[in-house]
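Working notes for the structure below.
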Amino acid sequence: MVAHELRLILPCEHVLWSAASASEVLSLESALRSGNGKRITFAEALQRTLSGRQVRASSFGRSVIICGLLSLAWHMNQRDLQMRSLKVGTEMQERTIKWRQFITKAFERWNQGALRTQDTPKKRAQGDEVLASSKVLYHLAQISTNVEMVDCQIFAGLTRVLGRTIGRRHREEVQNRIRKVWAPSHEARVAVFFAVQFLCSTFQHESCQVEVHDIAPSIQNMHGASISPMYQWTMYTAGLVVWCYSYAVDGPAHIVFTSTQQEDQTRHMENFLERVKNIQSPEEVTFYRLNGCAGLLRVLTDIFTESKWHLLHEGAALLEGCVSLLNAKPI
């Protein structure tokens, strides 16, 4: 199903999910109806968010809304990919820019509403973990809306996508598109900005500008199955986008990093993040050389290798190849 087909009531309250019986659910629903007046559907909440109107929702309800926005962005992007394959001209490109700007503003409005939800200690206590998880989705949304992840993976050396082998001509088209179209664009800088924000908030709890760190585990605790696949996937997406942009713009690193010691890799990553945490806006991305991210990619590779999710094992192998490309001699 797509987002507009879901007619469920929103907000979804935590107490309904924790109810012990059907009779308790009915009782709680009755109390919620009498206490909150008219309750809106998910589709209406999504429409209000897109049009800039306020939506009153629980922490879980806000998570559902950001997932709906992500779904909408994905379907719009799929439409664009189909039209691009038919080589539609500039009119389609202009529409693409408009819907991306439109959905990005909706993400920002959602984030502002989420921040207002945290204004009181009571609200923070009620939904900290759920809201923090949805902030991870917010960064994933901002990144993935501004980059074609399949192109990034092909640029990194992926040989098969959805069971299809990537031919030489297709790979060259992607490489050209990444280097000459995406990397110089504003969308690339936005994707990199949010990727850097997320990575800094994950690995530098005390100095980050965003509050994803509410559920960010320590580096030691990341090496295991306890961290959620959604969090790990966002880490993978962010790391790959930083590499893709840096390699397209700057090429291989000037100083090769080849250490296999975990302490050296962590120190190298921390030095890199300490430098890029000062990026205040997408426009400032162009002032930083980001191809010194080999230590970061090594740390991510180690984390994903121990994941239960097979997709992250493939991601680890791809990031390992990215490190090799960074360490290659410039042509």
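Using the UniProt record's numbering, the letters of the sequence shown map in sequence onto residues 1 to 331.
Glycine included, each C-beta is placed from N, C-alpha and C at the ideal position.
Quantities reported herein were computed from a predicted structural model and do not represent experimental measurements.
Spatial distance of residue i from residue j (CA atoms)
i, j, result
"Ser-149", "Arg-116", "Strictly speaking, residue 149 in this sequence is Met, with Ser absent from that position. Whole-angstrom Cα-Cα distance: 31 Å."
"Gln-265", "Leu-296", "7 Å"
"Ser-246", "Leu-290", "5 Å"
"Ile-227", "Phe-60", "19 Å"
"Gln-112", "Arg-48", "14 Å"
"Leu-326", "Leu-86", "34 Å"
"residue 335", "Val-25", "Nothing about residue 335 can be read from this structure; the chain reaches only from 1 to 331."
"Ser-18", "Arg-79", "39 Å"
"Arg-124", "Leu-46", "Bear in mind that a pLDDT of 48 at Arg-124, under 50, signals an unreliable position, so the number given afterwards is only what the model happens to contain. Distance between the alpha carbons of Arg-124 and Leu-46 is about 23 Å."
"Glu-263", "Ile-255", "18 Å"
"Ile-215", "Arg-53", "Reliability of the predicted coordinates at Ile-215 is poor, the pLDDT of 45 falling under 50, and the value obtained from them is presented with this limitation in mind. Taking the straight line joining both Cα atoms gives about 29 Å."
"Ser-27", "Gly-163", "49 Å"
"Gln-126", "Arg-62", "Because Gln-126 sits at a pLDDT of 47, beneath the cut-off of 50, its placement in the model cannot be relied upon, and the following sentence gives the value as read from the coordinates. So the alpha carbons of these two residues sit roughly 13 Å apart."
"Glu-29", "Leu-16", "8 Å"
"Ile-9", "Val-55", "13 Å"
"Tyr-288", "Ile-279", "8 Å"
"Glu-5", "Gln-153", "31 Å"
"Ala-316", "Thr-258", "16 Å"
N-terminal and C-terminal residue of the alpha helix (DSSP H) that residue i is part of
i, result
"Asn-327", "310-327"
"Ser-59", "59-85"
"Phe-203", "186-203"
"Gly-295", "294-305"
"Val-150", "149-155"
"Asn-271", "262-276"
"Gly-239", "229-250"
Short Cβ contact (8 Å threshold) for residue i with residue j
i, j, result
"Ala-141", "Ala-73", "yes"
"Arg-168", "Asp-151", "no"
"Arg-298", "Val-323", "yes"
"Thr-104", "Thr-145", "yes"
"Trp-309", "Pro-229", "yes"
"Thr-286", "Ile-143", "no"
"Ala-114", "Leu-50", "no"
"His-139", "Phe-193", "no"
"Cys-200", "Val-242", "no"
"Leu-69", "Trp-99", "no"
"Ala-156", "Leu-240", "yes"
"Ala-43", "Arg-84", "no"
"Ala-248", "Arg-171", "no"
Counterpart residues of residue i in DSSP-defined beta bridges
i, result
"Ile-9", "Thr-41"
"Arg-164", "Val-161"
Beta-carbon separation (whole angstroms), residue i vs residue j, contact threshold 8 Å
i, j, result
"Ala-195", "Pro-252", "Incorrect: roughly 20 Å between the Cβ atoms, too far for contact."
"Glu-173", "Val-147", "16 Å between Cβ atoms; not a contact."
"Ile-65", "Ala-57", "7 Å"
"Leu-158", "Leu-273", "Contact doesn't hold; Cβ gap of about 26 Å is too wide."
"Gln-232", "Leu-312", "6 Å"
"Thr-301", "Glu-320", "5 Å"
"Pro-282", "Val-161", "Not confirmed; about 28 Å, so no contact."
"Val-136", "Thr-234", "5 Å"
"His-75", "Val-2", "6 Å"
Residue i CB to nearest heavy atom of the ligand NAP below 7 Å
i, result
"Gly-163", "Of the ligands one can find in the structure shown there are none, so the ligand NAP has no counterpart to examine."
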